[in-house]
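In my numbering, the protein residues as written are -4 to 314. Below: the structure, in structure tokens.
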Amino acid sequence: MKKIGVLTSGGDAPGMNAAIRAVVRKAIYHGLEIYGVYGGYAGLLNGDIEKLDLGSVGDIIHKGGTVLYTARCEEFKTREGQEKGLARLKEYGIEGLVVIGGDGSFRGAEALTKLGFPCVGVPGTIDNDIAGTDFTIGFDTALNTVIDAIDKIRDTATSHERTFIIEVMGRSAGHIALWAGLADGAESILIPEEPFSIEEVVERLKQGNDRGKRHSIIIVAEGAGSALEIGKKIKEATNYDTRISVLGHIQRGGSPTACDRVLASRLGAHAVDLLLHKKGGRAVGIVNNKIVDYDIAEVFKHEHTIDKDLFELSKILSI
Ligand code: F6P
């Protein structure tokens, strides 16, 4: 293998730049030519491809977002789109591709591999919802952003003796909500993986109130429902002074944490190693602090389940 490419796809995640840097530098270290595909699979279809050098990835390790830009591309979900993408890669003489993104991006990588083109998936998403890896690039940073926001909201919640319902991202997974809720001592954490009832949430609020709690924080994962709706029901049931906060895309931005930079560097480098050994159709991940790789098809057969022990612990610690 002489030439490989790298792209970022789907929602951006802090640490993607560190992963791009690792891919580029590791590839050059091993004497490969490396091409950046700008704008995800959409950019691939348009032939938005440029050769990268060591300097192309200088001064980016600490930056959020992705210098390669990203997109969600409907056309690449079709066989026609995938063949067009493959033709583009061949046009540039590219023989292997590193795809940094979430499970939608991995599907594209799997499709290309099935067409005979070796791809390796690097998990980059704030949602932490990729099976086969303990953590995805961006999760730790998003979590810290969420915690910073909740800490600030807590100040005003305490001062006004209010109940805050805070909605966080995560798509259909509750990892961000669960970890943030535990880290911030939320009274209730509502996630799609665990059934809940408003009655139960209200009961916990009232118990807290009875023992003198003057404010409360409830974290809702976007996949578990709308903070607005849940807030209305809580207000109706308790008449507590209630406010809603939907954190939104602030969770996706910002300088990556040290954990995300290190994780991204390790995963990006490992992806290049796999391509050097002509191993396509793989996803890389971290399990028990060891870098691993596995068949990319496994990602779609399993779920990254939440840690039930964390959930139980959060309930015990917030009584
Ligand atoms: O996958 C990352 C994520 O931020 C999810 O948490 C969220 O549901 C989604 O992307 C939002 O996507 P968009 O930026 O396209 O609105």
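All C-beta atoms, glycine included, are put in the ideal place defined by N, C-alpha and C.
Who sits around the ligand F6P, taking every residue whose Cβ is closer than 6 Å to one of its heavy atoms?
Qualifying residues, in the order they occur: G6, G97, T120, I121, D122, M164, G165, R166, E217 and R247.
What are the start and end residues of the beta strand (DSSP E) that includes S309?
Segment K303 to L312 is the alpha helix (DSSP H) holding S309; no beta strand (DSSP E) there.
Check for me: the beta strand (DSSP E) holding A(-2) runs from which residue to which?
Sequence inspection shows Lys at residue -2; the Ala mentioned does not correspond to that position. Its beta strand (DSSP E) spans residues K(-2) to T3.
What separation, rounded to the nearest whole angstrom, lies between the Cα atoms of A180 and I23?
The sequence given here places Gly at residue 180; Ala does not occur at that position. Using only the alpha carbons, I get a separation of about 46 Å.
Taking the alpha carbon of T300 as the point to measure from, which residue in T140, E86 and E188 has its own alpha carbon closest?
Selected option, being the one with the closest Cα: E188.
Pull the bridge partners of L92 from the DSSP assignment, please.
Paired residues: G0 and C114.
Give the single residue among F191, T158 and G276 whose Cα lies nearest to the Cα of T233.
The shortest Cα separation from T233 among F191, T158 and G276 belongs to T158.
So P118 and G280 are supposed to be a Cβ contact under 8 Å. How far apart are they, rounded?
That belief holds up - the Cβ atoms of P118 and G280 are roughly 6 Å apart, short of 8 Å.
Answer yes or no: do V93 and L2 have a C-beta to C-beta separation smaller than 9 Å?
Contact flag set, yes.
So if DSSP puts G280 in a beta bridge, which residue, or which two residues, is it bridged to?
Partner(s): V287.
Which residues in the same chain as K79 place their Cβ atom closer than 6 Å to its Cβ, once the five residues preceding and following it in sequence are excluded?
If we look at K79 and ignore the five residues flanking it on each side, its Cβ neighbours are L40.
Please decide whether G60 counts as near chain D, where near means a Cβ-Cβ distance under 9 Å.
This model lacks chain D altogether, as it is built from one protein chain only.
Going by beta-carbon coordinates alone, are D98 and I132 separated by less than 9 Å?
Result no, Cβ atoms of D98 and I132 do not sit closer than 9 Å.
Go through the region 17 to 93 residue by residue and report every complete run of the alpha helix (DSSP H) that reaches 4 residues or more, in order.
Counting whole runs of 4 or more residues, the region 17 to 93 contains the alpha helix (DSSP H) stretches 35 to 41 and 74 to 86.
Please look up how many angstroms separate the CB atoms of A175 and L138, rounded, as I've assumed it's under 8 Å.
The Cβ separation is near 6 Å, so the contact holds.
So is V282 buried or exposed if we call it buried at 16+ other beta carbons inside 10 Å?
The residue is exposed, with fewer than 16 neighbouring Cβ atoms inside 10 Å.
Please report how far the alpha carbon of L317 lies from the alpha carbon of E293, in whole angstroms.
Outside the shown range of the chain (-4 to 314) lies residue 317, about which nothing can therefore be said.
Closest to R255 by C-alpha separation, out of V32, K85, D129 and V19, would be which residue?
The question names Arg, yet the displayed sequence has Asp at residue 255. D255 has its Cα closest to that of D129, out of V32, K85, D129 and V19.
Rounded to a whole number of angstroms, what is the C-alpha to C-alpha distance between G6 and V196?
So the two alpha carbons sit approximately 32 Å from each other.
Would you identify the three-state DSSP class for E156, choosing helix, strand or coil?
Correct three-state label for E156: coil.
Just list the residues that DSSP pairs S240 with in beta bridges.
Note: S240 sits in a beta bridge opposite I161.
Please look up how many angstroms separate the CB atoms of L270 and V19, rounded, as I've assumed it's under 8 Å.
With 8 Å as the limit, L270 and V19 do not qualify as a contact, their Cβ atoms being about 13 Å apart.
List in chain order: all unbroken beta strand (DSSP E) runs of 3+ residues lying wholly within the region 169 to 204.
With a minimum length of 3 residues, the continuous beta strand (DSSP E) runs that stay inside the region 169 to 204 are 183 to 185.
R166 and D122 look like a contact to me (Cβ under 8 Å); what is the Cβ gap, rounded to whole Å?
Between D122 and R166 the Cβ distance is about 5 Å, and since that is below 8 Å, they are a contact.
Which whole-angstrom value describes the C-beta separation of G60 and G248, a residue pair presumed to lie in contact below a C-beta threshold of 8 Å?
That pair is a contact at about 7 Å.
Quick check: G35 and A66, are their CB atoms within less than 9 Å of each other?
Yes; because the gap between Cβ atoms is below 9 Å, this pair is in contact.
Which of the three DSSP states is assigned to G99 in this structure?
If DSSP states are grouped into helix, strand and coil, G99 belongs with the helices.
Secondary structure at I132, three-state DSSP: helix, strand or coil?
The answer is strand: DSSP assigns I132 an E or B state.
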